[in-house]
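Same order as they appear, the protein sequences are chains A and B. Going by numbering that gives the first Met the number 0, the first residue of the first sequence is number 0, and it counts up by one from there. Going by numbering that gives the first Met the number 0, the first residue of the second sequence is number 0, and it counts up by one from there. No residue lacks a Cβ here, since even glycine has one placed at the ideal position from N, Cα and C. Predicted, not measured: the structure shown is a model, and the values here were computed from it.
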Amino acid sequence: MRNFILFFLIAILFSSCGGARTSADNEIVIWETYATEEHDEFVKIAEDFEKWYKAEKGKEVHVRIERLPFADHIQKIKFAAITGTEPDIVRVDAGELIDLVYGQSILDLNKVDPEIETYLKTFTPPARETVRIPLRQADGSVKTGVYGIPDQITGVAVYYNRKFFRDKNVPFPPASLKELEATSPKWDYDRFYKTAKALTDSSQNIYGIALNSSLWFTLPFFNAFGTDFVNVDADGKFRCTLDSDSGVAALTAISRLVWDKIEAGAWLPGALGADRGFVNQKYAMIISGPWNLKQFENAGVDFGVALIPEGPNVREIETPNGKVKVGTSTNVGGTDMAILKTTKKPELCYEFLKYLTSPKVHARWCNALGQIPVQTLAEPLVNFKDNPALAVFMEQIRTAIPRPKIPRYGVLEGQIMVPQIDRAFRAGNEEGVRKALQEAVREIDRLILDDVNISR
Amino acid sequence: MRSITRTLMFLCLVLGTIFVLFPFFWMTATSLKVEGKGMTFEFIPKRVEVLGPFKLQVGTAPEGKMKNDLTELTSDSSFTIGWSAPEADGITFEITDQDGNKKIESPSLNKDKNWIVANSLPSGNYSYQVTINRSWSAAWHSLYTLENFRKIALNPNYPFLKFLRNSFMVAFSTAFLTVVLCALAAYVFAKKEFPGKQVLFWTFMSAMMIPGMMFMVPQFALVTRFGWINTIFGLVVPHLANVFGIFMLRQMMIGIPDSLFEAARMDGASEATIFYRIVVPLVMPSLAILFLLTFVGQWNNFLWQLLVNTPESDLITLPVGLAMFRGQYETQWEQMMAASCFSVMPIVILFLFTQRYLIEGLTAGGVKE
């Protein structure tokens, strides 16, 4: 037995010695973090690209796709960059791309294609903005580079349980910009509050709304109230302005739901979370994104999707049917494909990214996976008829305002904003909300913006 | 009075056991659920399910439908009311008009296995409620399935057995070598004298005060310099210097009477024989605990195993593989729990085999004989 164990150990130790990665001249390596279904579709697209490239350019290319778990993918990429084991292209969360850009790991696509801004104009504006990142230069000026191509976009809207609405005879909220314009009374924060209150039956543990206390889920409300997150001051330095009157009004509007016990307390540690409470028919409305559509359908919930209520920040936006004035808004999430600075094949990588986001290929991706297009030219080719709820998200995304372009999103969210939003929810009055936001601003300036203001 | 106390204590223990085992129960139940039901609190299959009422207004399309609702406006005054439930034994639609009059319709199963009934309704507002009747077997299959386990075991893009093998290899090698190295070091610190022994020992101990994350970057730099990326050396070697293990075994070995060693030496035993024949059997419970703790620690180690392997590595381990089920926003709970069920098995087996040593190790020193 002893000899067997020793032999076993020595055998496994010597059987697994490997070397560092190499990639051929005609090969690009991509690290992606897609879910299983997306990964399978992405592999097919990469195979089609190889065929297309051979037909168009007469050359063989190979796209090597390597899948990473989403958890800690940024750590993995940073460590790989240290050891020279990084790939040519990485797919990263839009909020995390900035960290890699500040770490000087990502290629500015202006160097590959001086006309990149023209190409970028074919993307939906909020997605486009996730890859346009300003960096403070040595002379104090701010230069915006293009550090990737958006490949997915997402945002949030209001999910509502139709059964609860029918039972209480409350009309469904508007599901399109057209309905939003026509609905009476207006779908604003006052109606949102009254609707949530009417649907609450705390004796049955049923609540009108369940909220998350994260910045990402609160941004739609800040946007609807016209709160600027970061502004450039007279000295050309970035300063956080979240504690403005509009910021306080936005956070007070949703905190009122908590104070008046219309909100379920889903944000509290250990509570029944918003998604889970919605699936189990405890919460009448939640704020969530399109990723939950399939899950809620499969769970047998009778739900609808509506737009985020309108705030005072009414502005004009472009839609395929012309310009519309809206006061609703959402946040922007999603992912971008970025080319690493160390790649030896930037043109080939860029060629692949353009293929991936070309209208036909992108529409195929959206139709297969039920996703919102980032490429506006693909929109007419996407079938929203079979997925009307997705169409609501598409409408909502048109109203999106890009999130602040600052690094250390993890710190901003977990270390600064979640505790301060929690504090506002517990405060019980507007003054408490103001103090929470003032504290958040101090921390954002100290932990994030002071570093952003250093010239690079 | 005594029996009441004992009954209460027994009840408390039963409740405590249920509380402790609930996550395990939840994991197993979720792994057996059909897709989408993982997050629901539904554990008992429903034979009769009532859905609705859903509004129906003649002349307008249905207001929005659930996934299985096939109700359609076919002309200005006609609807087909339908529901997709191929597993059902029977379905009834209860149609209520605006005056509250109810009408029961019993549709039949068409060739596409959908329950459809065509209806012509005078103009007005209606609602319909769907009652689905299932056999016990169909009800069971509408909630539970073994499909998740099949997907895990047979998905070519998810080589689960390879992940399992790699995790076992890494956890076993690390645990075994840690025990060997720590036992040797502990023996020296406990029973040998050499200059600077105390200084060296307390220097080692001070390393326990430094958070593990602080070691990650220098360890990673070393592993890279040695060319150990994507190798088992990179996964195992950095975890072998376990200061806590040295400390724990040293404390146990200090308690072994020196007279035992002197007697062995007088009988001609070598240093290796003393270590192997005397020290190891006497501290076996502690060795088993150290083995177990290290094994479990490495079995669950995610970040290091993610960093040291590039995605194309043949040595991807189970925690990294399991994380693939967790996307940016959504998690495939049912499949993730099925994979987790497989992954806890080796740990359960290990605990079963080592529980005797574990209890001895935990109670060592607690009883004075």
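Checking contacts by CB at 7 Å: is residue i closer than that to chain B?
i, result
"asparagine 25 (chain A)", "no"
"lysine 75 (chain A)", "yes"
"tryptophan 290 (chain A)", "yes"
"arginine 90 (chain A)", "no"
"valine 410 (chain A)", "no"
"arginine 433 (chain A)", "no"
"asparagine 204 (chain A)", "no"
"threonine 21 (chain A)", "Reliability of the predicted coordinates at threonine 21 (chain A) is poor, the pLDDT of 48 falling under 50, and the value obtained from them is presented with this limitation in mind. Threonine 21 (chain A) does not count as touching chain B."
For residue i, which option in the options has the closest C-alpha, if you only look at C-alpha atoms?
i, options, result
"tyrosine 125 (chain B)", "B:Phe243, B:Gly58 and B:Arg1", "B:Gly58"
"isoleucine 245 (chain B)", "B:Phe188, B:Glu146, B:Pro284 and B:Lys54", "B:Phe188"
"glutamate 146 (chain B)", "B:Gln354, B:Trp201, B:Tyr127 and B:Glu333", "B:Glu333"
"aspartate 449 (chain A)", "A:Phe237, A:Pro387 and A:Lys322", "A:Phe237"
"glycine 123 (chain B)", "B:Val198, B:Ser77, B:Ile348 and B:Tyr143", "B:Ser77"
"glutamate 95 (chain A)", "A:Asn330, A:Gln280 and A:Asp335", "A:Asp335"
"proline 310 (chain B)", "A:Glu49, A:Gly102, A:Ile115 and A:Arg63", "A:Arg63"
"alanine 435 (chain A)", "A:Arg445, A:Ile420, A:Val360 and A:Ala209", "A:Ile420"
"glutamine 374 (chain A)", "A:Phe122, A:Gly326, A:Val451 and A:Phe221", "A:Phe122"
"tyrosine 146 (chain A)", "A:Glu180, A:Phe191 and A:Asp98", "A:Asp98"
"valine 111 (chain A)", "A:Trp364, A:Val91, A:Ile148 and A:Val360", "A:Ile148"
"valine 178 (chain B)", "B:Glu62, B:Phe260, B:Gln218 and B:Phe290", "B:Phe290"
"glutamate 442 (chain A)", "A:Leu241, A:Glu394, A:His61 and A:Val231", "A:Leu241"
"isoleucine 103 (chain B)", "B:Glu93, B:Glu329 and B:Asn118", "B:Glu93"
"glutamate 31 (chain A)", "B:Gln327, B:Gln331, B:Met8 and B:Ser269", "B:Gln327"
"leucine 214 (chain A)", "A:Asp444, A:Pro403, A:Arg433 and A:Gly427", "A:Pro403"
"asparagine 156 (chain B)", "A:His38, A:Ala252, A:Tyr101 and A:Ser243", "A:His38"
"aspartate 24 (chain A)", "A:Leu411, A:Cys348, A:Gln437 and A:Leu352", "A:Cys348"
Counting only beta-carbon atoms, is residue i nearer than 7 Å to chain A?
i, result
"alanine 322 (chain B)", "yes"
"tyrosine 186 (chain B)", "no"
"glycine 380 (chain B)", "The structure shown does not extend to residue 380 (chain B), since chain B is modelled only from 0 to 368, so the question has no answer here."
"valine 278 (chain B)", "no"
"leucine 158 (chain B)", "Here the sequence assigns proline to residue 158 (chain B), which means leucine is not the residue at that position. Answer no: the Cβ-Cβ gap between proline 158 (chain B) and chain A never drops below 7 Å."
"threonine 223 (chain B)", "yes"
"threonine 16 (chain B)", "no"
"lysine 101 (chain B)", "no"
"tyrosine 275 (chain B)", "no"
"proline 310 (chain B)", "yes"
"methionine 65 (chain B)", "yes"
"tyrosine 328 (chain B)", "yes"
With 16 as the cutoff for other CB atoms within 10 Å, does residue i come out buried or exposed?
i, result
"leucine 316 (chain B)", "One detail in the question is off: residue 316 (chain B) reads as threonine in this sequence, not leucine. Buried, by the Cβ-count rule."
"tryptophan 25 (chain B)", "exposed"
"alanine 137 (chain A)", "exposed"
"glutamine 103 (chain A)", "exposed"
"tyrosine 275 (chain B)", "exposed"
"arginine 249 (chain B)", "buried"
"threonine 129 (chain A)", "buried"
"arginine 149 (chain B)", "exposed"
"glutamine 294 (chain A)", "buried"
"asparagine 100 (chain B)", "exposed"
"proline 268 (chain A)", "exposed"
"valine 381 (chain A)", "buried"
"cysteine 11 (chain B)", "exposed"
Classify residue i as helix, strand or coil using the three-state DSSP reduction.
i, result
"valine 325 (chain A)", "strand"
"leucine 10 (chain B)", "helix"
"glutamine 331 (chain B)", "coil"
"lysine 435 (chain B)", "Absent from the model: residue 435 (chain B). The displayed extent of chain B is 0 to 368, so no value can be given."
"aspartate 111 (chain B)", "coil"
"threonine 375 (chain A)", "helix"
"methionine 26 (chain B)", "helix"
"isoleucine 405 (chain A)", "coil"
"alanine 390 (chain A)", "helix"
"asparagine 299 (chain B)", "helix"
"alanine 305 (chain A)", "strand"
"glutamate 429 (chain A)", "helix"
Using a threshold of 6 Å, is the CB atom of residue i nearer than that to any non-hydrogen atom of the ligand MN?
i, result
"methionine 283 (chain B)", "Ligands displayed in this structure: none; no statement on the ligand MN is therefore possible."
Identify every run of the beta strand (DSSP E) within the region 75 to 102 of chain A, keeping only runs that are complete inside it and at least 3 residues long; order them along the chain. Every beta strand (DSSP E) of 3 residues or more that sits fully in the region 75 to 102 of chain A is shown, in chain order, as 88 to 92.
Suppose only complete runs of 4+ residues qualify. What are the alpha helix (DSSP H) ranges in the region 191 to 247 of chain B, listed by chain order? If one requires a minimum length of 4 residues, the alpha helix (DSSP H) runs lying completely within the region 191 to 247 of chain B are 196 to 205, 211 to 224 and 231 to 235, in chain order.
Mind listing, in chain order, the continuous beta strand (DSSP E) runs of no fewer than 3 residues lying wholly within the region 154 to 224 of chain A? Segments of the beta strand (DSSP E) lying fully in the region 154 to 224 of chain A: 156 to 160.
Any chance you could list the beta strand (DSSP E) runs of at least 3 consecutive residues sitting entirely within the region 13 to 86 of chain B, in chain order? With a minimum length of 3 residues, the continuous beta strand (DSSP E) runs that stay inside the region 13 to 86 of chain B are 47 to 56, 71 to 74 and 77 to 83.
Can you give, in chain order, each stretch of the alpha helix (DSSP H) that sits fully within the region 112 to 150 of chain B and has at least 4 residues? For the region 112 to 150 of chain B, the full-length alpha helix (DSSP H) segments reaching 4 residues or more read 135 to 142 along the chain.
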